[in-house]
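Written out below as structure tokens is the structure these notes cover.
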Amino acid sequence: MDGQENEQRDTGAEATPETRRARRWAFRPWRSERARGRLRRLGAVLALLVVTLTGIVAGTYAGGHLGTDIGPFRAQLNLSPSLSGGTTVDIPPLGALLLDSHDGPAYLTVKLGALDQRRTEALIDDPASISRASQSAVEDVRDGVMRLGLKTLASAVLATLLLAGLVFRDVRRMAWAGGLALVITAGSLGLAAATIRPQAIEEPRYEGLLVNAPAIVGDARRIANDYTKYAEQLQRLVGNVSKLYTTVSALPVVQPSPGTTRVLHVSDMHLNPTGWQLIRTIVEQFNIDVVIDTGDITDWGSEPEASFVGSIGLLKKPYVYIRGNHDSARTAAAVAQQPNAIVLNNSTVTVAGLTVAGIGDPRFTPDKETSPAGSGLTKQVADQVIGAGEQLATTVENSPTKVNIALVHDPASSGPLSGTCPLVLAGHTHARQVSKLPQVPGKQPTQLMVEGSTGGAGLRGLEGEKPTPLTMTVLYFDQQKLLQAYDDITVGGTGQSQVNLERHVIRDPTKGDQVPVTPTPTRGGPESPSPTSSGSPSPTTTG
Numbered sequence: 176m177d178g179q180e181n182e183q184r185d186t187g188a189e190a191t192p193e194t195r196r197a198r199r200w201a202f203r204p205w206r207s208e209r210a211r212g213r214l215r216r217l218g219a220v221l222a223l224l225v226v227t228l229t230g231i232v233a234g235t236y237a238g239g240h241l242g243t244d245i246g247p248f249r250a251q252l253n254l255s256p257s258l259s260g261g262t263t264v265d266i267p268p269l270g271a272l273l274l275d276s277h278d279g280p281a282y283l284t285v286k287l288g289a290l291d292q293r294r295t296e297a298l299i300d301d302p303a304s305i306s307r308a309s310q311s312a313v314e315d316v317r318d319g320v321m322r323l324g325l326k327t328l329a330s331a332v333l334a335t336l337l338l339a340g341l342v343f344r345d346v347r348r349m350a351w352a353g354g355l356a357l358v359i360t361a362g363s364l365g366l367a368a369a370t371i372r373p374q375a376i377e378e379p380r381y382e383g384l385l386v387n388a389p390a391i392v393g394d395a396r397r398i399a400n401d402y403t404k405y406a407e408q409l410q411r412l413v414g415n416v417s418k419l420y421t422t423v424s425a426l427p428v429v430q431p432s433p434g435t436t437r438v439l440h441v442s443d444m445h446l447n448p449t450g451w452q453l454i455r456t457i458v459e460q461f462n463i464d465v466v467i468d469t470g471d472i473t474d475w476g477s478e479p480e481a482s483f484v485g486s487i488g489l490l491k492k493p494y495v496y497i498r499g500n501h502d503s504a505r506t507a508a509a510v511a512q513q514p515n516a517i518v519l520n521n522s523t524v525t526v527a528g529l530t531v532a533g534i535g536d537p538r539f540t541p542d543k544e545t546s547p548a549g550s551g552l553t554k555q556v557a558d559q560v561i562g563a564g565e566q567l568a569t570t571v572e573n574s575p576t577k578v579n580i581a582l583v584h585d586p587a588s589s590g591p592l593s594g595t596c597p598l599v600l601a602g603h604t605h606a607r608q609v610s611k612l613p614q615v616p617g618k619q620p621t622q623l624m625v626e627g628s629t630g631g632a633g634l635r636g637l638e639g640e641k642p643t644p645l646t647m648t649v650l651y652f653d654q655q656k657l658l659q660a661y662d663d664i665t666v667g668g669t670g671q672s673q674v675n676l677e678r679h680v681i682r683d684p685t686k687g688d689q690v691p692v693t694p695t696p697t698r699g700g701p702e703s704p705s706p707t708s709s710g711s712p713s714p715t716t717t718g
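In the numbering used here, the protein residues as written are 176 to 718.
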């Protein structure tokens, strides 16, 4: 035995590098087999996930739809995969309401179909039945969405089981895939339910024909005063749409609540006659009380252009105007001759209960090539526009009546107006923006609203690949003459009739909208940059 042990030790001691390398290779197949096993298990897991997700998507598209009654309508509910969530209420042929209703990987589409004939006749014969029918809308939606969720869940699991059976042909893997599909689908629907925002119906984004917008979206004052009551908003929505479907002649408009003042803000028409057609439609459909124009109604301020302002008189509503840098004194005089027009130039006026102060642009620069001082790139121009704001601020502070709105053409003039009034309206940049001016300690906050171009920037708006959209804003003021809500209206460029309307409700009218503070240029300061996405108002070449 001792000899054998010594022999083994001697053999081990005499092992050469080649011998040791051969021993390692002898164990290599075992290691390779273990690695292949891990790869096979990983591949099986990945295959299971791919099959499960594919089955969920296929099952959602196949079974994620349901027909149900919502109030007086026969509606179609559809659920589809989505990364951001949300809801679309489709009301053909009137348009659609887009709601930021929830998060999660599920998007809900509600398509309101035709009314039942018997219900339609009842609605026409008894208008009160509209209210009664819409009372059940909330329960109908809740019940329909619940049934849609269960149907989608069952369809996703069934589709996953079938697909797993075809791919794996193994009962155990089918069970794993079905269970995983149940967990993922239920979790996704649960996430959507947990993040639901009932108040989203207060601030819908409307897409459709312009004349239908006010009747579908509803009245701003009621939404602002009762925005937390989801059921009430949904009932009003269904009631408004019911009226649209059951009215043979003109589409009805929700009547403004008592004490609400509606103002239409337009700017930078630049001789586009389409803008007048749009303004007339808004004035009629939204029951506008006052139209405010922050300038650049013409392009060159020439005498032939003066006839363009003749459409002001056709509006039959007060029209408050300030001169833009493209408007001459001749243009302002032509506007003043209109029976319903009021031209402000460092002055104030009270109309429809609102006290408005305004000042014309200190420049007249219709042609930037021959008027380089109007480019907005020099210290001289900055001092001009800031000086106009300082003059108006003095006028506002000395006004015997509290000023509710101040008007300037270039938003760079707005800085000195901070703290003098709650709202400043401007134009000039052809880009809509809403911001706050830097607050003066001890004074009220001031909100700045810059309108885009109601005329689509005139002929220059056709120079790009797509026409510049026509924009305007409807402002809603409460009995205290504070801004409570506003509708941003955008029509997709010259010659297009599709409209986009976004409703914004201000939660605390005394503090204004929750928007970022914008810097303003100062006298003698360095050259100001062009407006950025943050909304910095500065002298620009646009208007």
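Ideal Cβ placement from N, Cα and C applies to all residues, glycine included. Owing to the predicted nature of the structure, the values given are computational and were not obtained by experimental measurement.
| Asked | Found |
| --- | --- |
| Which one or two residues does DSSP pair with ARG249 in a beta bridge? | ASP244 |
| In this structure, how does DSSP classify VAL571 when only helix, strand and coil are distinguished? | helix |
| May I have a chain-ordered list of the alpha helix (DSSP H) segments no shorter than 4 residues that lie completely inside the segment 554-634? | 554-572 |
| Taking only three categories from DSSP, how would you classify THR284? | strand |
| Measuring straight from C-alpha to C-alpha, what distance separates GLU480 and ALA508? | 12 angstroms |
| To the nearest angstrom, how far is it from the Cα of SER363 to the Cα of ILE463? | 44 angstroms |
| Would VAL674 and ILE664 qualify as a contact pair, given that the criterion is a beta-carbon distance under 9 angstroms? | yes |
| Taking PHE652 as the reference, which of GLY687, GLY631 and GLY630 has the closest Cα? | GLY687 |
| Report the three-state DSSP secondary structure of SER257 (helix, strand or coil). | coil |
| Note down, in chain order, each residue of its chain lying with its Cβ closer than 6 angstroms to the Cβ of VAL615, except the 5 sequence neighbours on either side. | SER593 and GLY594 |
| Taking contact to mean 3 or more Cβ pairs, one atom from each stretch, closer than 8 angstroms, check whether the segment 485-499 and the segment 511-523 are in contact. | yes |
| Measuring only the C-alpha atoms, how far is LEU150 from LEU272? | No answer is possible for residue 150: the residues shown for the chain start at 176 and end at 718. |
| I want to know whether the segment 367-381 touches the segment 239-249 - three or more CB-CB distances under 8 angstroms. | no |
| Report yes or no: do three or more beta-carbon pairs, one from the segment 531-539 and one from the segment 573-584, lie closer than 8 angstroms? | yes |
| Assign THR317 to buried or exposed, taking buried as 16 or more other Cβ atoms, counted over all protein chains shown, within 10 Å of its Cβ. | The amino acid occupying residue 317 in the given sequence is Arg; Thr does not appear at that position. When all chains shown are included, ARG317 counts as exposed. |
| According to DSSP, what are the bridge partners of TYR661? | LEU650 and HIS679 |
| Look up GLU314 in the DSSP assignment and say whether it is helix, strand or coil. | helix |
| Let's see if you can read the secondary structure: which residues bound the beta strand (DSSP E) around VAL724? | Absent from the structure is residue 724, since the part of the chain shown begins at 176 and ends at 718. |
| Spell out a yes or no on whether the segment 325-340 and the segment 235-243 are touching, meaning 3 or more CB-CB pairs, one atom from each, closer than 8 angstroms. | yes |
| How about ASP536 and ALA563: are their beta carbons less than 9 angstroms apart? | yes |
| Taking the alpha-carbon of GLY354 as reference, which of VAL625, ALA339 and ALA504 has the nearest alpha-carbon? | ALA339 |
| In the DSSP assignment, find the unbroken alpha helix (DSSP H) run with LEU366 in it and report its ends. | 346-369 |
| Given a cut-off of 9 angstroms on the beta-carbon distance, is the pair VAL583 and THR685 in contact? | no |
| Among LEU650, GLY242, SER486 and THR604, which has the Cα closest to the Cα of THR643? | THR604 |
| Once you ignore the five residues that flank LEU258 on each side, which residues in its own chain have a CB closer than 7 angstroms to its CB? | PRO280 |
| Report the rounded CA-to-CA distance for SER574 versus ASP278, giving the unit in angstroms. | 49 angstroms |
| Tell me the start and end of each unbroken alpha helix (DSSP H) in the segment 459-516 that is at least 4 residues and wholly inside, in chain order. | 504-511 |
| Can you give me the Cβ contacts of ARG505 inside the same chain, cut-off strictly under 8 angstroms, excluding the 5 residues immediately before and after it? | GLY476, SER477, GLU478 and ALA481 |
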